[in-house]
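All remarks here apply to the structure that follows.
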Amino acid sequence: MPVPHLPVPDHCPACDRLREVERAAEAVGDYSKAADCRVLRARHPHNRPVTDAS
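Heads up: take any position in the sequence shown, counting from 1, add 17, and you land on this note's numbering.
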């Protein structure tokens, strides 16, 4: 079952690289590695909601 891809922010080399690895993993059927890449992208700092510390 296809999984929706997270949007990639402009000019983020880390997200770009993870997306490349994710696509390559899916192409060879390594869905575990592809899922790992999606988790890492989701946890990348600019994908986290901003919370007010006050």
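Where a beta carbon is used, it is the ideal one built from N, C-alpha and C, also for glycine.
Legend entry - Cut-off 7 Å between Cβ atoms - residues of its own chain near Gly46, not counting five sequence neighbours on either side: Translated into the one-based positions of the sequence shown, residue 46 becomes position 29. Closer than 7 Å at the Cβ level, and outside the excluded window around Gly46, lies no residue.
Legend entry - Residue span of the alpha helix (DSSP H) that contains Val45, given as start and end: As a working note, residue 45 is residue 28 in the sequence shown. Unbroken run through Val45: none, as it is neither H nor E.
Inset, instruction - Whole angstroms is fine: what's the gap from Ala51's alpha carbon to Arg34's? - result: Here residue 51 corresponds to residue number 34 of the sequence shown, with the count starting at 1. Here residue 34 corresponds to residue number 17 of the sequence shown, with the count starting at 1. CA-CA distance, Ala51 to Arg34, rounds to 12 Å.
Inset, instruction - Look at the alpha carbon of Ala41 and the alpha carbon of Tyr48, and state the distance between them as a whole number of angstroms. - result: Mapped onto the sequence shown, residue 41 falls at position 24. Mapped onto the sequence shown, residue 48 falls at position 31. Each residue's alpha carbon lies about 10 Å from the other.
Legend entry - Proximal residues to Cys77 (C-beta, below 6 Å), its chain only, five neighbours per side dropped: What the structure shows of the chain is the stretch from 18 to 71, and residue 77 is not part of that stretch, so it cannot be assessed.
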